[in-house]
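Note sheet for the following structure.
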Amino acid sequence: MAKMRAIVFTGPEKLEIRELDVPKPGPGEALIRVKACNICTTEQGQYLGKRPLNYPYIGGHEFGGIVEELGPDTGEDIAVGDHVACGYTFCGQCWYCRRGIYTNCPTLYKTDIRYDGYYGMFGLADYLVMPVKTIYSFSKSIPFADIGFEEPLGTVIHGQKRLGIQPGDTVAVFGAGTMGMLNMMMARNHGAKTVIIDIKQERLEKAKGMGCDFVINSKEEDIEDSINSLTESRGVDHVIVAVGNTIANNQALKIVRHKGNVLFFAAGYPKPEITVDPNNIHYTEVALIGTYGGDPDDFRAACELINSKKIDVKALLDEKYTVEEAEQAFKRATSGSAYRVTIEF
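What follows is the structure, encoded as structure tokens:
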């Protein structure tokens, strides 16, 4: 039987490259040959032992690859040779799925044993099998590492749909990491004025270079004063908290205008907290909104934006590594200064 390489987490900060059998696609499934997988903050937390995990684990969900083989009953939307990325698996039958609320499907992101005794998402391997309903095709002119942004951009689209951003709105984003930058870029795509808040000046300079209208270094500036000067003391229309951080959570409530929105985009480990005055929420009519994952429409929209280069992700790509350099890749990804690090297969 044909063999493949897989990057396996065996414990916190412990990786092994193992040889496994290449899986076979079943009905409604496709075998995908992974060409590049970007290391998400999810895998970073798993690698560091900050997120609960079952071992042995094969991570990776921000990948681009090529359809190698189709199982029976796959329809005509996907063909062998297509360049693709994947969204999330969902059952399509539960109470939530029947109502189109796919992000609350009990099987979403489920990482029980899926293959040969291994847990995981399996993008950090030469091959993986996915249901065709989760696969999205790209132009063959788009690099595979860029294709890997389909999933994170889809989650940004999903969250911002809940805000209803209008042209001319002002959107403040806490965090100038990869997800903060994607949120800023997407808000600009809606026609909004954007503000990014971070403690690292080099990241703020990068944000300006990528088109952000205003940046605030929260180490050197008072966030509330800066926002008030930009908004005639009203506060911004929308705040997106793209870091899992107690300080940012609490600051977000201080800079949003009356009847504005605060979107909690990022999870944090250990769990961040927030102090809420219910009377303040009552009188100001501020909406506190959670968001998680994305649904098929979000991922299709992400494909269109990346294919058309209306969202150009190249500036968010960091260093590239081989499979054999996986340990170095994860050390770089968790260094605190990297954007998306790529492992090429």
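Residue numbers for the sequence shown follow the UniProt record's numbering, beginning at 1 and rising by one.
Think of the CB as a built atom: it goes at the ideal place given N, C-alpha and C, for glycine as much as any other residue.
Distance, residue j Cα to residue i Cα
{"i": "ILE32", "j": "PHE122", "result": "11 Å"}
{"i": "LEU15", "j": "ALA326", "result": "8 Å"}
{"i": "GLY159", "j": "MET1", "result": "43 Å"}
{"i": "THR291", "j": "PHE265", "result": "6 Å"}
{"i": "PRO23", "j": "ASP82", "result": "19 Å"}
{"i": "PRO152", "j": "ASP222", "result": "30 Å"}
{"i": "GLY11", "j": "GLY168", "result": "48 Å"}
{"i": "THR231", "j": "ASP225", "result": "10 Å"}
{"i": "LEU316", "j": "ARG51", "result": "24 Å"}
{"i": "HIS258", "j": "VAL239", "result": "12 Å"}
{"i": "MET4", "j": "GLN93", "result": "33 Å"}
{"i": "PRO131", "j": "HIS282", "result": "45 Å"}
{"i": "GLY65", "j": "ASP77", "result": "16 Å"}
{"i": "residue 350", "j": "ARG114", "result": "Any question about residue 350 goes unanswered here, given that the chain covers just 1 to 345."}
{"i": "CYS91", "j": "PHE345", "result": "30 Å"}
{"i": "LYS140", "j": "TYR47", "result": "32 Å"}
{"i": "SER308", "j": "ALA36", "result": "20 Å"}
Paired residues, beta bridge with residue i - DSSP
{"i": "ALA172", "result": "VAL195 and VAL239"}
{"i": "GLU69", "result": "LEU31"}
{"i": "PHE214", "result": "VAL195"}
{"i": "ALA36", "result": "GLY64 and GLU344"}
{"i": "GLU5", "result": "At residue 5 the sequence reads Arg, which differs from the Glu that was named. Its beta-bridge partners are GLU19."}
{"i": "TYR136", "result": "ALA85"}
{"i": "LYS14", "result": "GLY11"}
{"i": "PRO131", "result": "GLU29"}
{"i": "ILE58", "result": "GLY120"}
{"i": "ALA125", "result": "ALA6"}
Exposed unless 16 or more other CB atoms sit within 10 angstroms - verdict on residue i
{"i": "ARG203", "result": "buried"}
{"i": "GLY148", "result": "buried"}
{"i": "ASP126", "result": "buried"}
{"i": "GLY336", "result": "exposed"}
{"i": "TYR321", "result": "buried"}
{"i": "GLU19", "result": "exposed"}
{"i": "GLY100", "result": "exposed"}
{"i": "LYS254", "result": "exposed"}
{"i": "TYR136", "result": "buried"}
{"i": "ASN261", "result": "buried"}
{"i": "GLY117", "result": "exposed"}
{"i": "PRO270", "result": "exposed"}
Assumed close pair residue i, residue j - CB separation to whole angstroms, cut-off 8 Å
{"i": "ASP237", "j": "VAL129", "result": "With 8 Å as the limit, ASP237 and VAL129 do not qualify as a contact, their Cβ atoms being about 43 Å apart."}
{"i": "ASP318", "j": "VAL341", "result": "5 Å"}
{"i": "MET185", "j": "MET210", "result": "7 Å"}
{"i": "ILE142", "j": "ILE343", "result": "Rounded, the Cβ-Cβ distance is 18 Å, inconsistent with contact."}
{"i": "ILE196", "j": "ALA176", "result": "5 Å"}
For residue i, three-class secondary structure by DSSP
{"i": "ASN228", "result": "helix"}
{"i": "GLY180", "result": "helix"}
{"i": "THR322", "result": "strand"}
{"i": "ARG257", "result": "strand"}
{"i": "PRO143", "result": "coil"}
{"i": "GLY290", "result": "strand"}
{"i": "LYS309", "result": "coil"}
{"i": "ALA338", "result": "coil"}
{"i": "PHE90", "result": "coil"}
{"i": "MET185", "result": "helix"}
{"i": "TYR118", "result": "strand"}
{"i": "ILE274", "result": "coil"}
{"i": "LEU317", "result": "strand"}
{"i": "residue 395", "result": "Shown here, the chain extends from 1 to 345; a query on residue 395 therefore has no answer."}
{"i": "ALA252", "result": "helix"}
{"i": "ALA302", "result": "helix"}
{"i": "ALA266", "result": "coil"}
{"i": "residue 363", "result": "Any property of residue 363 remains undetermined from this structure, which presents the chain solely from 1 to 345."}
{"i": "ARG162", "result": "coil"}
{"i": "LEU153", "result": "helix"}
Heavy atom of the ligand ZN within 6 Å of residue i beta-carbon
{"i": "LYS50", "result": "As presented, the structure is devoid of all ligands, the ligand ZN included, so that no description of it is given."}
Test: residue i CB closer than 7 Å to a CB of chain D
{"i": "PHE174", "result": "Within the model displayed, chain D is absent; a lone protein chain is all it includes."}
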